[in-house]
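Notes for the one structure printed next.
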Amino acid sequence: MNILVINGPNLNMLGIREPEIYGSKSYNDLVNLLLDYASERKIHLEVYQSNHEGEIIDLLQDKRDAFHRLIINPGAYTHYSYAIRDAITSCRYDAIEVHLSDIHHREDFRKISVIQDVCVKQISGKGFDGYLEAIDHFLKG
Ligand code: DQA
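In the numbering used here, the protein residues as written are 167 to 307.
The structure is reproduced here in structure tokens:
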């Protein structure tokens with residue numbers, strides 16, 4: 167199984183950025199956790215992070231032949247990027263949307279996800295475990 171993981175803007179700041187919301191672990195901790203979890207389960211998983219909308223769209227397009235399953239945390243783009251939404255549908259990913267924090271119990275603007283209905287599942291508020299739950303969801307088929 168192949169899984170593509172894409173993280174959006176400011177997720178590279180994990181551990182530094184509002185630790186009371188996002189936790190004290192670093193972005194590298196997240197990447198290492200995902201790579202270890204995947205390799206124990208014989209999954210080929212690649213993880214990318216970008217602070218730029220166009221780069222995320224380029225990645226989605228460039229990886230579409232190699233990957234069918236996508237785990238995406240678009241950061242703040244979640245709430246307004248119709249371009250990322252269109253890229254997910256154009257490239258026909260089976261996508262799971264993940265958020266570290268609980269976007270439904272924060273500021274009102276975070277309650278709206280413009281990608282939610284083009285994803286098979288939304289996981290929010292479970293920290294790093296949300297990504298592992300997404301992998302498990304794909305494994306269950
Ligand atoms: C986030 C939630 C978004 O509202 C925020 O802009 C982020 C991170 C999360 O993982 O909780 O950058 O996607």
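Positions of the beta carbon are idealized from the N, C-alpha and C atoms, including for glycine.
Exercise for review: Return the CA-CA distance between Ile238 and Glu186, expressed in angstroms with no decimal places.
Suggested key: 22 Å
Point to revise | Contacting residues, own chain, Cβ-Cβ under 7 Å from Phe275 (five flanking each side not counted) | key: His245
Review point. Does the distance from the CB of Ala242 to the CB of Ile223 come in under 7 Å?
Key: no
Practice item. Return the CA-CA distance between Ser192 and Cys257, expressed in angstroms with no decimal places. Key: 30 Å
Exercise for review: Below 8 Å CB to CB, which residues in the same chain sit around Gly189 once its five sequence neighbours on both sides are set aside?
Suggested key: Leu180, Gly181, Leu266, Gly293 and Phe294
Practice item. Quick one: grab the DSSP three-state call for Tyr214. Key: strand
**Study point:** Own chain partners of Val286 with C-beta closer than 7 Å, once the 5 adjacent residues on each side are dropped
**Key:** Asp260, Ala261 and Ile262
Check your understanding: What residues match up with Asn168 in a beta bridge as DSSP calls it?
Key -> His210
Check your understanding: Thinking C-beta only, is Leu305 closer than 7 Å to Tyr203?
Key -> no
Check your understanding: Name the DSSP beta bridge partners of Asn239, please?
Key -> Asn173
Check your understanding: Does any heavy atom of the ligand DQA sit closer than 6 Å to the C-beta of Gly293?
Key -> no
Check your understanding: So, are the CB atoms of Asn173 and Gln215 less than 7 Å apart?
Key -> yes
Review point. What three-state label does DSSP hand Val197 in the structure shown?
Key: helix
Review point. Going by the CB atoms, is the gap between Leu170 and Phe233 shorter than 7 Å?
Key: yes
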